[in-house]
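Novice: I have a structure I would like to understand better, so I am pasting it below and will then ask my questions one at a time.
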Amino acid sequence: MTIVPQGLAAPMAAALDAAAQAIGLSDPNPRVGCVLIGTNGQTLGLGHTQAVGGPHAEIMALRDAQHKGHSTLGATAYVTLEPCSHHGKTGPCCDALVAAGISRVVASTLDPNPQVSGQGFARLRAAGIAVEVGMGADESRALNIGFFSRMIRKTPWVRMKIAASLDGKTALNNGVSQWITSDEARTDGHAWRARSNAILTGIGTVLKDQPQLDVRLVPTTLQPAVVIADSQLRTPTDAPSLIAGRVVYIYASARKDAQKLALESRGATVIQLPGTNDKVDLSAMLRDLALRECNELHVEAGQGLNGALLGENLVDEVLAYIAPKLLGHGMDMAGLGPFTALSQAIPLEFMSVAPIGPDLRILARVHGHHPI
């Protein structure tokens, strides 16, 4: 197995672009792109993973080449994840590449799924196909950060979204928060919602703001599930988040059978995970969400739940939209501390800073939390 030096060839860059088209479509399957290049350097076919049960990227690229009348004999396949080797809802992609006469596969990274990991490459090499691994690995893992997290850590990748003023306030003292940031920031925030499998909030936000917790401002094929941390099971049965057809998980610590039945009659799934101090066991909640095939968990909550998640080291990165405003006394981003020493602070690493309309978008990763 050859390790390709850093630096992206044009076909792999195109395959990664194609993989990004699977955001909001292929989940919980990984976002994968494939480009087929002929012996003369011509692009023969291009594809990305479809919805669950549909064709994977390699099959879409082979179909594209066939539709265009191209022979794939001797071609090179650039693919952003190891071709699958097992029978799931579709057949093994490595077998399809062998049957199509592909002579070389350039892949970004191993598939972390234990049903595949290394076996796809082994099947290809056994069929005489040259396999190279490594090109675009960082980009592919970043695109599939939640899938890697679920497969390896057995928890989703947790991204906490915050909209705040320059002095770190998410609402006025009276609770008013709409809208601190701009229309552009809210639209951008919905794009991050769209790449998530689920959106988590707390019961306080449900009762105060009555959020829909859906993707409305950008196109998407899939709507993320709604997750509510509701220790005492106070979610109203007419909450706007209980939209017909949406997947809703409500995590509680208290046992209230009548309310549980009422919420389940509205289509919600109620899971009881008692923790300490009558609170939901948040670590157990993340493990349970992973079992329910949640890759990326997008948190939009108040300072209480934000503080609890950060305090238990359960947040991987913070997505903060900062408005050029000073609000003075108000609600904080997260209920932390009070700390008595700077060493108690939660260390972050800035990943990116970008202007979004009049606001700034900051993506900061919790120190030590990196793509697997």
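Just so you know, we're using our numbering here: the sequence shown kicks off at 738 and counts up by one. Where a beta carbon is used, it is the ideal one built from N, C-alpha and C, also for glycine.
1. Less than 8 Å between C-beta atoms, sequence neighbours within five positions excluded: which residues of the same chain meet that for L944?
2. Taking 7 Å as the limit between beta carbons, can you name the residues of its chain near K898, skipping five residues before and five after?
3. According to DSSP, simplified to helix, strand and coil, what is D967?
4. Mind checking T1013: buried by the 16 CB within 10 Å criterion, or exposed?
5. Who are the near neighbours of F1087 in its chain, counting only those whose CB is closer than 7 Å to its CB and skipping five residues on each side?
6. Between which residues of its own chain and V741 is the CB-CB distance below 8 Å, once the five residues before and five after are set aside?
7. Return the bridge partner residues of W894 from the DSSP annotation.
8. Taking DSSP's pairing of strands, which residues face E1054 in a bridge?
9. What is the DSSP secondary structure of F1076, counted as helix, strand or coil?
10. Which full runs of the beta strand (DSSP E) of 3+ residues lie inside the segment 815–846, going along the chain?
11. What's the gap between the Cα of V963 and the Cα of G941?
12. On the CB-based measure, 16 or more other CB atoms within 10 Å of its CB, does G1120 come out buried or exposed?
13. Assess contact between the segment 751–767 and the segment 947–960, defined as three or more Cβ pairs (one per stretch) separated by less than 8 Å. Is contact present?
14. How big is the Cα-Cα spacing for W894 and A900?
15. Within a Cβ cutoff of 7 Å, which residues of the same chain sit near L1051, ignoring the five residues on either side of it in sequence?
16. Hey, is the segment 785–799 in contact with the segment 809–821, meaning 3+ C-beta pairs nearer than 8 Å?
17. State the Cα-Cα distance for the pair G1039 and A1071, rounded to the nearest angstrom.
18. Is it a yes or a no for the segment 768–784 touching the segment 801–814, going by three-plus beta-carbon pairs under 8 Å?
19. Run the CB neighbour count on A1082, radius 10 Å, all protein chains shown included, and call it buried at 16 or more, exposed below.
20. Please state if the CB of G1067 and the CB of L909 are separated by a distance shorter than 8 Å.
21. Taking the DSSP output, what are the residues bridged to G784?
22. Relative to the C-alpha of Y729, which residue among T938, S877, A976 is closest?
23. From the DSSP output, which residues share a beta bridge with F1087?
24. Could you tell me which residues DSSP puts in a beta bridge with M1068?
25. Are L861 and A833 touching if we call contact CB-CB under 8 Å?
26. Please list, in chain order, all residues of the same chain as T918 whose beta carbon is under 7 Å from its beta carbon, the five residues on each side excluded.
27. Can you tell me the Cα-Cα spacing of L1047 and K1016, whole angstroms?
28. Please report how far the alpha carbon of Q915 lies from the alpha carbon of T780, in whole angstroms.
Specialist: On the basis of the coordinates in this document:
1. Taking the first residue of the sequence shown as 1, we reach residue 944 at position 207. Cβ within range, chain order: R971, P973.
2. Working through the sequence shown from its first residue, we reach residue 898 at position 161. Closer than 7 Å at Cβ, skipping near neighbours: G926, W929, H1035, V1036, E1037, L1056.
3. Sequence index remark: in the sequence shown, residue 967 carries index 230 (1-based). Correct three-state label for D967: coil.
4. Translated into positions along the sequence shown, residue 1013 becomes position 276. It counts as exposed.
5. On the sequence shown, residue 1087 is found 350 positions in, with the first residue counted as 1. These residues qualify, in order along the chain: I1099, A1101.
6. Position 4 of the sequence shown, counted from the start, is the residue given in the question as residue 741. With a pLDDT of 42 at V741, under the threshold of 50, the modelled position of this residue cannot be trusted; read the value that follows with caution. Once the five neighbours on either side are set aside, the close Cβ partners of V741 are V843, E869, V870, G871, M872.
7. Position 157 of the sequence shown, counted from the start, is the residue given in the question as residue 894. Answer is E1033.
8. Working through the sequence shown from its first residue, we reach residue 1054 at position 317. Looking at the DSSP assignment, E1054 forms a beta bridge with R896, R1102.
9. Counting from one through the sequence shown, the residue named residue 1076 turns up at place 339. Coil, per DSSP.
10. 841–844
11. Position 226 of the sequence shown, counted from the first residue, corresponds to residue 963. Position 204 of the sequence shown, counted from the first residue, corresponds to residue 941. If you take the alpha carbons of V963 and G941, they lie about 15 Å apart.
12. With the chain running from 738 to 1109 in the structure shown, residue 1120 is simply not present.
13. Yes: the two stretches touch, three or more of their Cβ pairs being nearer than 8 Å.
14. In the sequence shown, residue 894 corresponds to position 157, counting from 1. In the sequence shown, residue 900 corresponds to position 163, counting from 1. Roughly 20 Å separates the two Cα atoms.
15. Here the question's residue 1051 lines up with position 314 in the sequence shown. Excluding positions up to five away in sequence, the list reads V895, L1019, S1020, L1023.
16. Counting Cβ pairs under 8 Å, three or more are found: they touch.
17. Within the sequence shown, numbered from 1, the residue matching residue 1039 stands at position 302. Within the sequence shown, numbered from 1, the residue matching residue 1071 stands at position 334. Those two C-alpha atoms are separated by around 7 Å.
18. Yes, they touch.
19. Mapped onto the sequence shown, residue 1082 falls at position 345. Exposed, because fewer than 16 other Cβ atoms sit within 10 Å of the Cβ of A1082.
20. Along the sequence shown, read from residue 1 onward, the residue named residue 909 stands at position 172. Along the sequence shown, read from residue 1 onward, the residue named residue 1067 stands at position 330. In this structure, G1067 lies closer than 8 Å to L909 by Cβ.
21. What you label residue 784 is simply residue 47 of the sequence shown in a count that begins at 1. Answer is C771, bridged to G784.
22. This structure does not reach residue 729, given that the chain is present from 738 up to 1109, and the question cannot be answered.
23. Stepping through the sequence shown from its first residue, residue 1087 is reached at position 350. Answer by DSSP bridge pairing, in chain order: A1101.
24. On the sequence shown, position 331 is the one that residue 1068 refers to. M1068 is bridged to A908.
25. Here residue 861 is taken as the residue at index 124 of the sequence shown, counted from 1. Here residue 833 is taken as the residue at index 96 of the sequence shown, counted from 1. For L861 and A833, no; Cβs fall outside 8 Å.
26. Along the sequence shown, one-based indexing puts residue 918 at 181. Residues A900, Y1058, A1060, D1096 of the same chain have their beta carbon placed closer than 7 Å to that of T918, with the five preceding and five following residues left out of the count.
27. Counting from one through the sequence shown, the residue named residue 1047 turns up at place 310. Counting from one through the sequence shown, the residue named residue 1016 turns up at place 279. Cα-Cα distance, rounded: 15 Å.
28. Sequence index remark: in the sequence shown, residue 915 carries index 178 (1-based). Sequence index remark: in the sequence shown, residue 780 carries index 43 (1-based). About 49 Å.
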